[in-house]
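This report concerns only the one structure given below.
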Amino acid sequence: MLHVAYIGIGSNLGDKKENCEKAVSELKKQTNVCIGVVSNWYQSKALTIENEQQPDYINGAVKVQTDLLPLELLTILKKLELQMGRVKSSKRWSPRIIDLDILFYDALVYKSNMLTIPHPEIEKRLFVIKPLCDIEPTLIHPVLKKSVKELCLAIEISSGAIC
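Heads up: the sequence shown at position 158 corresponds to 391 in my numbering, and the numbers run straight through without jumps.
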(Lines of atoms letter the chains of each structure in order from A and count residues from 1; the text may use other names and numbers.)
(Lines give C-alpha, C1' and ligand atoms only; values in the text may rest on other atoms or scores of the structure.)
Protein backbone atom coordinates (compact mmCIF):
# COMPACT_ATOMS: atom_id res chain seq x y z
CA MET A 1 0.00 0.00 0.00
CA LEU A 2 1.32 3.42 -0.94
CA HIS A 3 1.31 6.22 1.60
CA VAL A 4 1.70 9.96 1.07
CA ALA A 5 4.22 11.74 3.26
CA TYR A 6 5.48 15.30 3.40
CA ILE A 7 9.13 15.77 4.29
CA GLY A 8 10.54 19.05 5.60
CA ILE A 9 14.05 19.91 4.40
CA GLY A 10 16.35 22.51 5.93
CA SER A 11 19.99 23.56 6.07
CA ASN A 12 21.92 26.41 7.66
CA LEU A 13 25.54 25.34 7.03
CA GLY A 14 27.63 25.40 3.86
CA ASP A 15 25.87 25.89 0.53
CA LYS A 16 22.42 25.64 2.05
CA LYS A 17 20.34 25.52 -1.14
CA GLU A 18 22.70 22.96 -2.68
CA ASN A 19 22.45 20.85 0.49
CA CYS A 20 18.65 20.88 0.28
CA GLU A 21 18.66 20.04 -3.42
CA LYS A 22 21.14 17.22 -2.79
CA ALA A 23 18.82 15.81 -0.13
CA VAL A 24 16.01 15.71 -2.71
CA SER A 25 18.35 13.98 -5.19
CA GLU A 26 19.35 11.41 -2.57
CA LEU A 27 15.70 10.78 -1.70
CA LYS A 28 15.02 10.14 -5.41
CA LYS A 29 17.58 7.30 -5.29
CA GLN A 30 15.63 5.45 -2.60
CA THR A 31 13.75 2.49 -4.06
CA ASN A 32 10.83 2.82 -1.63
CA VAL A 33 10.37 6.58 -2.02
CA CYS A 34 8.84 8.29 -5.06
CA ILE A 35 9.29 12.06 -5.17
CA GLY A 36 6.22 14.04 -6.13
CA VAL A 37 6.17 17.82 -5.81
CA VAL A 38 9.06 19.88 -4.42
CA SER A 39 8.30 23.29 -2.91
CA ASN A 40 10.12 26.53 -3.49
CA TRP A 41 13.07 27.23 -1.18
CA TYR A 42 12.71 29.88 1.54
CA GLN A 43 15.21 31.67 3.72
CA SER A 44 14.36 32.01 7.40
CA LYS A 45 15.97 32.94 10.68
CA ALA A 46 17.27 30.03 12.74
CA LEU A 47 15.28 29.04 15.81
CA THR A 48 17.72 29.30 18.69
CA ILE A 49 17.84 29.13 22.44
CA GLU A 50 18.55 32.46 24.16
CA ASN A 51 18.96 34.36 20.85
CA GLU A 52 22.17 32.54 19.94
CA GLN A 53 23.57 33.75 16.61
CA GLN A 54 23.32 31.20 13.79
CA PRO A 55 23.25 31.43 10.01
CA ASP A 56 19.83 31.69 8.37
CA TYR A 57 18.18 28.52 7.09
CA ILE A 58 17.03 27.52 3.65
CA ASN A 59 13.83 25.48 4.03
CA GLY A 60 11.51 23.59 1.75
CA ALA A 61 9.36 20.51 1.60
CA VAL A 62 8.71 17.56 -0.67
CA LYS A 63 5.68 15.34 -1.18
CA VAL A 64 6.54 11.66 -1.51
CA GLN A 65 4.78 8.36 -2.01
CA THR A 66 6.18 5.39 -0.14
CA ASP A 67 5.34 1.88 0.94
CA LEU A 68 7.50 2.37 4.03
CA LEU A 69 6.02 2.61 7.50
CA PRO A 70 6.70 5.89 9.34
CA LEU A 71 9.61 4.57 11.43
CA GLU A 72 11.15 2.95 8.35
CA LEU A 73 10.93 6.26 6.49
CA LEU A 74 12.45 8.04 9.49
CA THR A 75 15.37 5.57 9.46
CA ILE A 76 16.07 6.38 5.80
CA LEU A 77 15.92 10.13 6.48
CA LYS A 78 18.33 9.86 9.42
CA LYS A 79 20.75 7.75 7.33
CA LEU A 80 20.65 10.39 4.58
CA GLU A 81 21.40 13.11 7.13
CA LEU A 82 24.45 11.18 8.33
CA GLN A 83 25.61 10.46 4.76
CA MET A 84 25.41 14.17 4.00
CA GLY A 85 27.57 15.01 7.02
CA ARG A 86 25.09 15.98 9.70
CA VAL A 87 26.69 15.85 13.12
CA LYS A 88 24.26 14.97 15.89
CA SER A 89 24.41 17.40 18.78
CA SER A 90 22.91 17.10 22.22
CA LYS A 91 22.11 20.80 21.93
CA ARG A 92 18.61 21.51 20.65
CA TRP A 93 18.36 23.61 17.50
CA SER A 94 22.08 23.45 16.75
CA PRO A 95 23.34 24.36 13.24
CA ARG A 96 23.05 21.55 10.71
CA ILE A 97 24.14 20.79 7.19
CA ILE A 98 20.81 19.06 6.58
CA ASP A 99 17.62 18.43 8.53
CA LEU A 100 14.96 16.02 7.24
CA ASP A 101 11.66 15.70 9.11
CA ILE A 102 8.43 13.82 8.48
CA LEU A 103 5.81 16.57 8.66
CA PHE A 104 2.72 14.55 7.72
CA TYR A 105 2.16 10.90 6.82
CA ASP A 106 -1.27 10.26 5.34
CA ALA A 107 -3.74 11.51 8.00
CA LEU A 108 -1.83 9.66 10.69
CA VAL A 109 -1.56 10.95 14.24
CA TYR A 110 1.36 9.16 15.89
CA LYS A 111 3.62 9.74 18.88
CA SER A 112 6.59 7.76 20.15
CA ASN A 113 9.89 8.68 21.75
CA MET A 114 11.43 8.71 18.24
CA LEU A 115 8.78 10.34 16.10
CA THR A 116 5.73 12.57 16.33
CA ILE A 117 3.35 12.97 13.39
CA PRO A 118 2.21 15.60 12.55
CA HIS A 119 5.50 17.30 13.28
CA PRO A 120 5.24 19.25 16.57
CA GLU A 121 4.35 22.96 16.46
CA ILE A 122 4.02 22.91 12.69
CA GLU A 123 1.21 25.47 12.98
CA LYS A 124 3.60 28.02 14.53
CA ARG A 125 6.39 27.77 11.97
CA LEU A 126 6.06 29.69 8.74
CA PHE A 127 9.28 28.09 7.46
CA VAL A 128 7.46 24.73 7.55
CA ILE A 129 3.94 25.80 6.58
CA LYS A 130 4.86 28.03 3.62
CA PRO A 131 6.64 25.25 1.66
CA LEU A 132 3.74 22.89 2.44
CA CYS A 133 1.34 25.52 1.14
CA ASP A 134 3.28 25.55 -2.16
CA ILE A 135 2.75 21.80 -2.49
CA GLU A 136 -0.71 21.15 -1.06
CA PRO A 137 -2.60 24.17 0.33
CA THR A 138 -5.74 22.10 0.94
CA LEU A 139 -3.92 19.47 3.02
CA ILE A 140 -5.75 19.13 6.35
CA HIS A 141 -3.84 18.94 9.63
CA PRO A 142 -5.31 15.77 11.20
CA VAL A 143 -5.34 17.18 14.74
CA LEU A 144 -6.18 20.85 14.19
CA LYS A 145 -8.63 20.10 11.34
CA LYS A 146 -7.43 23.16 9.42
CA SER A 147 -5.88 23.35 5.98
CA VAL A 148 -2.24 24.22 5.50
CA LYS A 149 -3.41 27.45 3.82
CA GLU A 150 -5.51 28.36 6.87
CA LEU A 151 -2.52 27.71 9.14
CA CYS A 152 -0.32 29.84 6.91
CA LEU A 153 -2.81 32.71 6.96
CA ALA A 154 -3.07 32.48 10.77
CA ILE A 155 0.71 32.88 11.05
CA GLU A 156 0.56 35.78 8.60
CA ILE A 157 -2.04 37.56 10.72
CA SER A 158 -0.19 36.99 14.00
CA SER A 159 3.33 37.78 12.77
CA GLY A 160 2.90 40.10 9.82
CA ALA A 161 4.67 37.59 7.56
CA ILE A 162 3.30 37.02 4.08
CA CYS A 163 1.93 33.66 2.91
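Note that beta-carbon positions come from the ideal geometry of N, C-alpha and C, so glycine has one too.
CB of residue i within 7 angstroms of CB of residue j, strictly
| i | j | result |
| --- | --- | --- |
| residue 360 | residue 239 | no |
| residue 339 | residue 241 | no |
| residue 294 | residue 353 | no |
| residue 278 | residue 289 | yes |
| residue 246 | residue 298 | no |
Rounded C-alpha distance that separates residue i from residue j
| i | j | result |
| --- | --- | --- |
| residue 272 | residue 367 | 6 angstroms |
| residue 223 | residue 350 | Outside the modelled stretch of the chain, which goes from 234 to 396, sits residue 223, for which no answer is possible. |
| residue 331 | residue 388 | 25 angstroms |
| residue 319 | residue 329 | 6 angstroms |
| residue 355 | residue 341 | 15 angstroms |
| residue 292 | residue 248 | 13 angstroms |
| residue 346 | residue 267 | 27 angstroms |
| residue 348 | residue 301 | 15 angstroms |
| residue 303 | residue 287 | 31 angstroms |
| residue 250 | residue 274 | 7 angstroms |
| residue 377 | residue 259 | 32 angstroms |
| residue 244 | residue 316 | 14 angstroms |
| residue 358 | residue 373 | 16 angstroms |
| residue 371 | residue 270 | 14 angstroms |
| residue 253 | residue 375 | 27 angstroms |
Residues that residue i bridges to, as DSSP identifies them
| i | result |
| --- | --- |
| residue 349 | 344 |
| residue 267 | 298 |
| residue 334 | 241 |
| residue 247 | Note: residue 247 sits in no beta bridge, so no partner. |
| residue 291 | 244, 276 |
| residue 373 | 380 |
key: Touch test, the region 373–389 against the region 308–324, Cβ-Cβ under 8 angstroms, three pairs minimum   = These segments do not touch.
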